[in-house]
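Since the structure comes first, as structure tokens, the remarks are kept for the end.
Number of protein chains: 2
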Amino acid sequence: MIGEIICVGNEILIGDTLNTNTRYLSKSMTNLGIEVAYQVVVGDHEERLLEAIETARRRSDVIVFTGGLGPTYDDMTKETVAKALDMTMVLDEAALEDMRLFFEQRKRTMAETNRKQAYRPSGGRMLRNENGTAPGIYIKDGETHYILLPGPPKELMPMFEKEVAPILETLSANVITSRIFQLSGIGESDLAEMIGHIMDISDNPRIAPYAKLGSVNIRVTAITGTKEEGKKQIEETTALLMPFLEPYCYSYEDKSLEEVVVQMIKEKNQTIAIAESCTGGLLSSRIINVPGVSKVYRNGFVTYSNGSKETWLKVPHALMVKEGAVSEAVAIAMAEGVAKVSDASIGVGITGIAGPDGGTPEKPVGMVCIGFTINGKSSANTFYFNGNRKKIRDYSVQYALTTLYSLLREI
Amino acid sequence: MIGEIICVGNEILIGDTLNTNTRYLSKSMTNLGIEVAYQVVVGDHEERLLEAIETARRRSDVIVFTGGLGPTYDDMTKETVAKALDMTMVLDEAALEDMRLFFEQRKRTMAETNRKQAYRPSGGRMLRNENGTAPGIYIKDGETHYILLPGPPKELMPMFEKEVAPILETLSANVITSRIFQLSGIGESDLAEMIGHIMDISDNPRIAPYAKLGSVNIRVTAITGTKEEGKKQIEETTALLMPFLEPYCYSYEDKSLEEVVVQMIKEKNQTIAIAESCTGGLLSSRIINVPGVSKVYRNGFVTYSNGSKETWLKVPHALMVKEGAVSEAVAIAMAEGVAKVSDASIGVGITGIAGPDGGTPEKPVGMVCIGFTINGKSSANTFYFNGNRKKIRDYSVQYALTTLYSLLREI
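Order-wise, the sequence lines are chains A and B. Per our numbering, the very first residue in the first sequence carries number 1; after that it's consecutive. Per our numbering, the very first residue in the second sequence carries number 1001; after that it's consecutive.
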């Protein structure tokens, strides 16, 4: 069962929008046992889209489109698919009613242009959109399946899960089972050296490491006839890998690092408070993205100025002058200060130079100090990150979480 | 001059890797006046790649490949291009020498497999890779230009800038000029209705609206013979659009909403402090992503628990009990409290239910109250957002910034 994704949108062709939909669809279709063999992007251009459809129907069994279902005249995906398949466009009364309700519930007036979105190719059926006004469309024409989805990810993703996945599940004879081992504290080449002998002997399950921001993951993928066989193969490979990965693997159940850290804080009856300077609240916001964090998260402070570090975290003025705001001593003082004023057992302090200005030869842009205190024991690390302001801040948060994970394992 | 990008790699087709190279190449080629009409991704699969090359040479003038230049047997891009163009593979002595130096400088031994990377199609020439072992390749065959680039972004990007951009610059007779109008406080269909009459009459410059998270942008693109003519056309279209867009447009200079907000706070001699509950530091972190924000940003508090709202922001206990932690009254009290304790003229308070638990019929998941105080004048809004925990938090921050922008315009 060969799959193809056709993305319609000028904003992707000119590089304005990063194509995250196609990644999401590829991953989801692969997990449903469909081999995605082609991804194609074309503009809002009838002739080129028509050619892309003709090519796709010759070579693929499932063609998933995204984008071009909006209300304006340059949204032309469904009209062009109808043309390629020799269908007419018909008004779908149920979809129109859904749309009226959508606007009524939001106390907004429906624009006349929205009516266009209630039309569908005559041989297709609508897929409900609970998060917007553009319904999706499913067409089976001969042996080929056409699925048309809206462009905005928050409309596309729920629609895929609720309406499309059940259709695709019935199509494929193969089941793809995978497990991702998430590692921290080891680089990709060291890892390849360590488990290369296992990777080499196994083509199915396939073992592939890949680098993520500040960490490395390993994906194990098995293609099998049944779900049970897939699970069995994944477990066998896990047993082979884990003796090597154990010191680095924080999850193989698709949990985020912050989920694992929050879980550990809970299990070890700790509480946490966080003080951030250059990261400006990013670490707190990642930790607070974990549901139920309220039991362990005490407080966060964004102390961007020197004065606020002194006022709120009680960092001694003399220390700031002597060591500088970006120093391991101040990072530790921030961690200890925030833990104390928040009555938390764990404190984290981040201070650094995210740039583009503010660097010196001794303390360059990208230098970040991260301090920790856990049950009265304090420590700090200094990192030198490359990249722009955003990158440096993202790395800082990633390494703060990684170090926190290591420290929590030890208590 | 029609451009096409062909990306070779299984990791993209299974959704493991986000395709950032194609975005980078699209943007860069567009800026050089090449109309990127197609983006294609195929796997490490000779037959499919061959077909993609055949299709591309029929319809495109410049074909840029990425990936598949590595040392292993499944890297086959250049061999397949050679086959399609009826060329043989020849050893490039200069490239081999470069590669030997690369390893020597890094005190590493060159693996025998790397030798493969020093071969090129007979009609092509090598493009130097200063950051890795895979040289790029440039082939002109008839009127078609083939450019083969390595997959890793840190090798691809410098090679594009140094070696490829100078080639492409000489090819295009057209210049593409564009301007993006960033809007807040208006939906896509209302916008289409408002400026539809201008969009309809103009094909070049082309005017295209597109939705972003919680906002809408308009892109105006002009294709002209000279840069000057492009600029002139963009200015003329701006003059046509601005009477309609003025109430909603916060930037047409590619500035982010937070940049504009920070700039306004500076210009109006204000200072800001932020208290966040459900967003957990996200608003602070977006504002702090603006360089030089230290002049106006006083403090941030992440007060996730009820207790910390009372302790740090002096939200009255009785108010919390009477109105509940998620209420406009508490959002205002948070805003006023954080402004007061931080000695800031502007305070923002966000409190809401990001889910997945904690919702009630009266206060459902997705309900978020955002309070503001500016120079002693306070107000609040309640929003009901759809989506998962992360989405609800992202929307909250977007709407907080949008509202802040509107309030700042009024003072």
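C-beta: ideal position from N, C-alpha, C; glycine also.
At least one CB of chain B lies nearer than 8 Å to the CB of A/Tyr24.
With contacts defined as CB atoms closer than 8 Å, B/Pro1153 and B/Gly1132 fail to qualify as a contacting pair. Judged by beta-carbon spacing, B/Thr1351 lies within the 8 Å limit of B/Val1326, meaning their Cβ atoms are closer than that value. Chain-order list of chain A residues neighbouring B/Val1348: empty, with the shortest C-beta distance near 12 Å, by a criterion of under 8 Å. If only complete runs of 4 or more residues are kept, the region 1298-1384 of chain B shows the alpha helix (DSSP H) at 1306-1313, 1317-1323 and 1328-1342, in order along the chain. In the same chain as B/Gly1359, and ignoring 5 residues on each side of it, the C-beta atoms closer than 8 Å to its own belong to Ile1353, Val1365, Gly1366 and Met1367, in chain order. A/Gly124 and A/Lys83 have their C-alpha atoms roughly 13 Å apart. Our two residues, B/Leu1282 and B/Cys1249, have alpha carbons roughly 24 Å apart in a direct line.
In the displayed model, A/Asp86 falls within coil according to three-state DSSP, outside both helix and strand. For B/Tyr1304, the nearest CB of chain A lies under 8 Å from its own CB, placing it at the interface with that chain. Along the region 1015-1042 of chain B, the positions whose C-beta sits under 9 Å from a C-beta of chain A are Gly1015, Asp1016, Thr1017, Leu1018, Asn1019, Thr1020, Thr1022, Arg1023, Tyr1024, Leu1025, Ser1026, Lys1027, Ser1028, Met1029, Thr1030, Asn1031, Glu1035, Val1036, Ala1037, Tyr1038, Gln1039, Val1040, Val1041 and Val1042, read in chain order. Note that the C-beta distance between B/Gly1225 and B/Asn1174 is below 8 Å. Residues of the same chain with a CB within less than 8 Å of the CB of B/Leu1313, apart from the 5 flanking positions on each side, are Ala1275, Phe1301, Thr1303, Ala1333, Met1334, Gly1337, Val1338, Val1341 and Gly1349 in chain order. For A/Val62, the three-state secondary structure derived from DSSP is strand.
Taken atom to atom, the span from the alpha-carbon of A/Val220 to that of B/Phe1385 is near 36 Å. A/Leu407 sits close to A/Phe372, with the two beta carbons spaced by under 8 Å. The count of Cβ pairs closer than 8 Å, one atom from the region 1024-1038 of chain B and one from the region 26-33 of chain A, stays below three, leaving the stretches out of contact.
Here the C-alpha atom of B/Ala1118 lies approximately 22 Å from the C-alpha atom of B/Leu1050. Counting C-beta atoms within 10 angstroms of its own C-beta, B/Pro1121 has 16 or more neighbours from the protein chains shown and is therefore classed as buried. Neighbourhood of B/Ser1172 in chain A, by CB distance below 7 Å: empty, with the nearest CB roughly 14 Å away. In the three-state reduction of the DSSP assignment, B/Lys1268 falls in the coil class, being assigned neither a helical nor a strand state. Annotated as proximal: B/Ala1208 and A/Asn10, with beta-carbon spacing under 8 Å. Proximity of chain B to A/Ala111 at the Cβ level (cut-off 9 Å) is accounted for by Gly1187, Ser1189, Asp1190, Ala1192 and Glu1193, in chain order.
B/Gly1187 has its alpha-carbon roughly 7 Å from the corresponding atom of B/Val1216. Residues Thr279, Leu282, Leu283 and Arg286 of the same chain have their beta carbon placed closer than 7 Å to that of A/Val397, with the five preceding and five following residues left out of the count. Against chain A, the beta carbon of B/Asp1357 has neighbours under 9 Å at Pro291 and Gly292, listed in chain order.
Straight across, the Cα-Cα distance linking B/Thr1109 with B/Gly1043 is about 30 Å.
Around the beta carbon of B/Ser1345, 16 or more other beta carbons lie within 10 angstroms, which makes this residue buried.
For a Cβ distance threshold of 7 Å, residue set Lys154 of chain A lies close to B/Lys1391, ordered along the chain. The C-alpha of B/Glu1328 is placed about 11 Å away from the C-alpha of B/Met1320. The shortest C-alpha to C-alpha distance from A/Leu96 to any of A/Val296, A/Cys369, A/Pro71 and A/Glu79 is the one to A/Pro71.
Residues of chain A with a Cβ closer than 8 Å to the Cβ of B/Gly1387 are, in chain order, Asn131 and Lys154.
Under the three-state reduction of DSSP, B/Glu1004 is assigned to strand.
Counting every other CB atom within 10 Å of its CB across the protein chains shown gives A/Ser189 a total below 16, marking it as exposed. A/Gly337 does not reach chain B, its nearest Cβ partner there being about 14 Å away, counting only Cβ pairs nearer than 8 Å. Here B/Tyr1038 has Glu1004 as same chain residues with Cβ atoms under 6 Å from its own Cβ, once five neighbours each way along the sequence are excluded.
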